[in-house]
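Protein sequences, first through last, are from chains A and B.
The first sequence begins at 2 in my numbering and counts up by one.
The second sequence begins at 5 in my numbering and counts up by one.
Ideal placement from N, C-alpha and C gives every residue a C-beta, glycine not left out.
This structure is a prediction, so every number in the text was calculated from the model and none was measured.
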Amino acid sequence: MPDLPPFRNEPVLELRRASERGTLTDALGELDARLPLRVPVWIGDDRRDGAELVSTDPAAPDRVVATAAIGTAAEAEQAVATARDALDSWSRTPAEERAHALVRAAGRLRIRRAELAALAVRECGKPWAEADADICEAIDFLEYYARGAIELDRGAALVQVPGERNALRYAPRGVTAVIAPWNFPLAIPLGMTAAALATGNTAVLKPAEQAPGCALALVEALREGGVPAGAIALLPGAGETGAALAAHRDVATIAFTGSGAVGLELMRTAATLPDGARQLTRVVAEMGGKNCVIVDADADLDDAVPAIAQSAFAYAGQKCSAASRILVHEAIADVLLERLGGAVGVLEVGPADTWGTDVPPVIEREAQERVERYARIAAAQGDVVAEATGPGGPGWYVPARVVADLPADSEVLRDEIFGPLLTVERVSGVEEACERVDALPFALTGGLFSRNPHVVEEVVRRTPVGNLYVNRAITGAMVGRQPFGGNRLSGTGTKAGGPGYLLQFVEPRVVTENTVRHGLVV
Amino acid sequence: MAGPTDADILEIGRSIRDALPAASRSPLKALDAKAMDLATADADLRAALFRFVDVVPACRSVDDVVAHLSGFLDEVGERPPPLDAAMRMGSSRAGRQALGRAAAAGVRHMAHRFIVGESAHDATRTLTGLWRDGIASSVDLLGEATVTPAEAEQYAARCANELEVLTAVYRPLPERPLLEHDAAGPVPRANLSVKVSALTPLLRPDAPERGKRDAGPRLRELLRHAKRLGAHLHIDMESYDSREAVVELVLELLSEPEFADGPSAGIVLQAYLRDAPDTLDVVETWARATPRSSPLVVRLVKGAYWDHEVVEARQHGWSAPVFEEKAESDRAFERLTLRLLDMRPLVRVAIASHNLRSVAHAIAANRAAGAPDDDIELQVLRGLGDDLGHALARSGFRVRSYCPVGDLVSGMAYLVRRLLENTANESFLAADHAGAALEDLLARP
């Protein structure tokens, strides 16, 4: 089998070229003609179609993007059983062969790039650039973990002395339940699934109920790439389906990205051993954040203002990495508020498929209501500095808002809102800003704008977040470049797209062989 | 059009060089030569210097200046002795104050070589002096990035005001026929360069229509204003991200019937872009279809955003939109020069380069086409091309100096870009400064 070339990130489309934009717009037209997609429960070679679940376009909730079957408890049982049966053969498949299957799956996704970007636009309301980045990241995960698994398969070096041979090898843990979010409907489900498969595990993917259409394309690509039908199952559904899957005795690993509440519930489930359990269930969880950006007095606001607006409002703030609190040095707070307010006031709130939309609708009605509830509290407690309103409906639009000077104990400063609502607080300096960051239970991403290397060093030392960005936007982590994941209540400290991630999906086994026979080393 | 011979180019180049002032043949001497030499030689130091220059205007006190300076210099591996001495000064309070003041003054001094004043009014004396020396100007308003509609309005208002100030500054000046006429007719005295990115906060690379829609009305007003005043309005080109929006916007506006008989207006063609010939095709097609009383001026430049374009392309895994080898840009510049000269009288041609070869080539090509010397314009940058500009003016060419005005804070991005350009190892000015032979400087790229 030929060696894989070194990893490189899949280039995003150069959307500043009209021809590239045209390709995507054409793909959307073709996709629209085929809607709604039909998504089955797909276990081994069994496909059961159904229409119990419906995903819709957040910009036009009447438009049905996909209809899906909902995985029942019995189907969860069947999916895990099938995955368990497939484990022996897939785990024995040489790591290189598994890696090549994933790389071929990446090739399938490349062929379908424009179509799948269009699907992310329709099903999850991702604006074009974000949708394109999502499919690129999905491809990156396949390519990156394929290479990482080959490397991991070589084991780790141990101390060796005469007369014994020590080896550390990594074996797959077993069946992996992948419970995925809708906000990166291609990259995140595929990333977690690819990590499991690359290391020889088998997987059952329970995608977000809002994004079954995207998930079907992922499973198709994996199977077309050569992952055996038994090794990857698709189990669409909502919370109950995920709960049934996670509670299964034979699930060895739960890979989860989503809300803190669900993450903690999964950890409780994992810690409760069912009868007959023979293995502890490991939970790999990426949960929420309350991400702060510190702006020091020497920051270049020409750079900081657009970067902050991008971090807070791209994809309507629905990224776990999105900025939600700005902590600005009081010396430049007024200027920042004036400029940021002006910049946010002209953001375009509109449908994701329109070129130039800055803030798309949020994912669903509940999200709209949640964000509006926090916005009302924020308006009552602080100063609304900017509000960019969009079309009234029928999409799930929420205005982009900046609110300043909220009281320190406001829930708006504490809770993850996951929408286009940004707060600004004045601080006496970087020291006070660091204290406020440190007081938060979350530690996912953070940002700093400063041009003093000593200040940068100090903030780096004091900030607990998993991903700190200095003098740039705080979203857009790239596989291999910015391994992504949070600390504290934001997650289990794992880093997707980083060198250590695959270790979560394996168990280490050390073999020590005595090589002395009759006093001779043989 | 067939190109000129190398012998002609060499002869013209030699005569221009002979016309350069002997005492300071290199524009780099005009800078703090020592700092520039150090910066060119040492990448760490270059980075430290630029980061320092960049942050000085944002510092709140002398102590703050020193804190930043020492922060940057800490990251330089091996410091040359003068810098080590400076760092030792920073250990006492008095020394810190002296160091901070000196360093901030040094940056201001450097900035003032490039930036002629806070406003056109401030720059009256400089502009008048240039005119007396036979050099016209294009004034460029430096400003902070436009991120809000209010900032776009302010910039448009500044531009409108500066058009009036420039008209008033130039009105009483004596006639300079060479600067005021060419084969296509009169050339306005007042000349303002504007940036579309400053006229709207909504330039989006993937949605050029948004920026065009927002900047359009402001640019249209400026064109009307320039027309009323009889001034020239030049629309600068910036990074590749905004290229489509800028070209389309300018050509669409100038197609509007009210602008058929003015004002004089121009755009920029960046030779370092691989697809510059395609852009020129668009311009040519447009010019054929859009008769104007004063032809569109096309300013041919190499392009000032090379580092930005290459870094952005590498970060995204794209092939760079610019030529990665300097010689390729130089060759493209000559090819585009020939095409532009050939397109006359559909366009007016302005050659903007400090590369003696590129300039001599354009002059020779213009002569080879049988056109008089005043049928092309040669442009230089204030602070870098001053000596070349004067030499060209003395040699009987129409020269225009691109003169940025603005305050120090807003001037820093411009200053850093200029410094980057001219401490690059491949820079023509650096090669000239290093004493390269004239034959090498004038060799075919």
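Check                                                                                                                   : Outcome
Other residues of its chain near G494 (chain A): CB distance less than 6 Å, five sequence neighbours each side excluded : N488
Short-range partners of chain A found in the segment 266–297 of chain B, where Cβ spacing is below 8 Å                  : none
Inside the segment 358–389 of chain B only - alpha helix (DSSP H) runs reaching at least 4 residues                     : 360–372
C-beta neighbour in chain B for V306 (chain A), strict 8 Å                                                              : yes
Per-residue contacts from F76 (chain B) into chain A (C-beta, under 8 Å)                                                : P454
Beta-carbon proximity check, F185 (chain A) vs G290 (chain A), cutoff 8 Å                                               : no
Helix, strand or coil at V40 (chain A) [DSSP, three-state]                                                              : strand
Exposed unless 16 or more other CB atoms sit within 10 angstroms - verdict on A98 (chain B)                             : exposed
Proximity of T73 (chain A) and V66 (chain A) at Cβ, strictly below 8 Å                                                  : no
Boundaries of the beta strand (DSSP E) in which K496 (chain A) is found, first to last residue                          : Per DSSP, K496 (chain A) belongs to no beta strand (DSSP E) and is neither H nor E.
Contacts of P12 (chain A) in chain B (Cβ-Cβ under 8 Å)                                                                  : H320, G321 and W322
Beta-carbon proximity list for A356 (chain B), same chain, < 6 Å, skipping 5 on both sides                              : R303, V305 and Q383
CA-to-CA distance, G201 (chain A) to A247 (chain A), given in whole angstroms                                           : 19 Å
Separation of P376 (chain B) from L14 (chain B), as counted between CA atoms                                            : 19 Å
Straight-line gap, A235 (chain B) to K199 (chain B) (C-alpha atoms, nearest Å)                                          : 16 Å
C-beta contact flag for D406 (chain A) and D384 (chain A) at 8 Å                                                        : yes
Listed by chain order, chain A residues near E79 (chain B) by CB distance under 7 Å                                     : P454
Rounded C-alpha distance that separates T390 (chain A) from V399 (chain A)                                              : 7 Å
Within-8 Å CB hit, P221 (chain B) to chain A                                                                            : no
Close beta carbons around R111 (chain A), own chain, < 7 Å, minus the five adjacent residues each side                  : I140
CA nearest to the CA of E225 (chain B), picked from B:H320, B:L345 and B:L257                                           : B:L257
Run of the alpha helix (DSSP H) containing P395 (chain A), from where it starts to where it stops                       : Here P395 (chain A) belongs to no alpha helix (DSSP H), and DSSP marks it neither H nor E.
Uninterrupted alpha helix (DSSP H) stretches inside the segment 168–229 of chain A (no shorter than 4 residues)         : 188–199 and 213–226
Given G270 (chain B) as reference, the closest of B:A264, B:A364, B:G133 and B:V254 once Cα atoms are compared          : B:V254
Cβ-based neighbour list, P128 (chain A), same chain, cut-off 6 Å, excluding 5 preceding and 5 following                 : A353, T358 and P361
Chain B within 8 Å of G481 (chain A), Cβ atoms only                                                                     : no
Buried versus exposed, by CB contacts within 10 Å (16 or more), N195 (chain B)                                          : buried
Straight-line gap, K1 (chain A) to L235 (chain A) (C-alpha atoms, nearest Å)                                            : The structure shown has nothing for residue 1 (chain A), since chain A only spans 2 to 523.
Same chain, Cβ closer than 6 Å to L217 (chain A), neighbours up to 5 away in sequence not counted                       : V40
Chain-ordered chain B contacts of E15 (chain A) [CB-CB under 8 Å]                                                       : H320 and W322
R214 (chain B) at chain A interface by Cβ criterion, 8 Å                                                                : yes
Limits of the beta strand (DSSP E) - the one that C293 (chain A) falls within                                           : N292 to V296
R402 (chain A) at chain B interface by Cβ criterion, 8 Å                                                                : no
Straight-line gap, G238 (chain A) to L54 (chain A) (C-alpha atoms, nearest Å)                                           : 7 Å
Per-residue contacts from A344 (chain A) into chain B (C-beta, under 8 Å)                                               : V151, T152 and P205
C-alpha distance - P173 (chain A) paired with V507 (chain A), whole-angstrom precision                                  : 4 Å
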